[in-house]
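Participant: FYI, the working numbering numbers position 72 of the sequence shown as 67, with every residue one higher than the one before it.
Backbone N, C-alpha and C define an ideal beta-carbon position, used for all residues, glycine too.
What you are looking at is a predicted structure, and each value in this text was computed from that prediction instead of being measured.
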Amino acid sequence: MNSRRAVPRSRHVEPDPADTVGTLGGCDHIDAVAVDVPQGTSARDFVQAMLGTPPASTTRLLRLRDALVKPFGLKGTDRSEETRIEEGGRAGPLHLYRVGEDEVVAGKDDKHLSYRSTFKVRPGPHGWEGVATTVVRYHRYAGRAYFAVIKPFHVLILYSLARHGAAVLAGAKTTSREPEAKSREPGAGSR
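(1) Are residue 25 and residue 99 touching if we call contact CB-CB under 8 Å?
(2) Run through DSSP, which three-state label would residue 145 get?
(3) Looking only at DSSP bridge pairs, what is residue 31 linked to?
(4) Under DSSP, the beta strand (DSSP E) around residue 36 begins and ends at which residues?
(5) Is residue 34 near residue 80, with beta carbons less than 8 Å apart?
(6) According to DSSP, is residue 65 part of a helix, a strand, or is it coil?
(7) Note the first and the last residue of the continuous beta strand (DSSP E) segment covering residue 102.
(8) Buried or exposed for residue 144, going by 16 or more other Cβ atoms inside 10 Å?
(9) If I'm right that residue 29 touches residue 8 with Cβ under 8 Å, what's the distance once you round it to whole angstroms?
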């Protein structure tokens, strides 16, 4: 009998920005990813599984990002604090603004862009699913240019963390295989 468990698969889902867009005063980019999670998982559990101990590949990508943006005066990722899934706490680069059993809202404000990430657990097509949605608001041209450069890394990191979180919740190990991600720019194709 093979004791190796299947690696959870992540999938693109239609983003649901709800009230998150309002906290940024608008939206320039939005994307979302979902993974299957065990019944009874809370949004808080999902975030802890995703961000509590990120995979080494994600940590390396964040270190590379920090090294690349430091010369431009942009904030790096503070990894000195332990992940605390509570309002006012931090989870990796994210400040936790609102923490509840049904939804966690996190994000960061920088001089080039601001973003919010929402984490929810809801009924999905195969049972329960954890959904991570990212909403980005650019500040000046610098934000648009910066996000154009980091978008592929954002997608890799988001999908990797979601799969990692699902694996942690299911007790499995993750791999580096990443699916193709889909996202959209608000207003694209609707002109």
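Facilitator: For this structure:
(1) no
(2) helix
(3) 124
(4) Residue 36 -> no beta strand (DSSP E), and no H or E assigned at all.
(5) no
(6) helix
(7) 98 to 104
(8) exposed
(9) 4 Å
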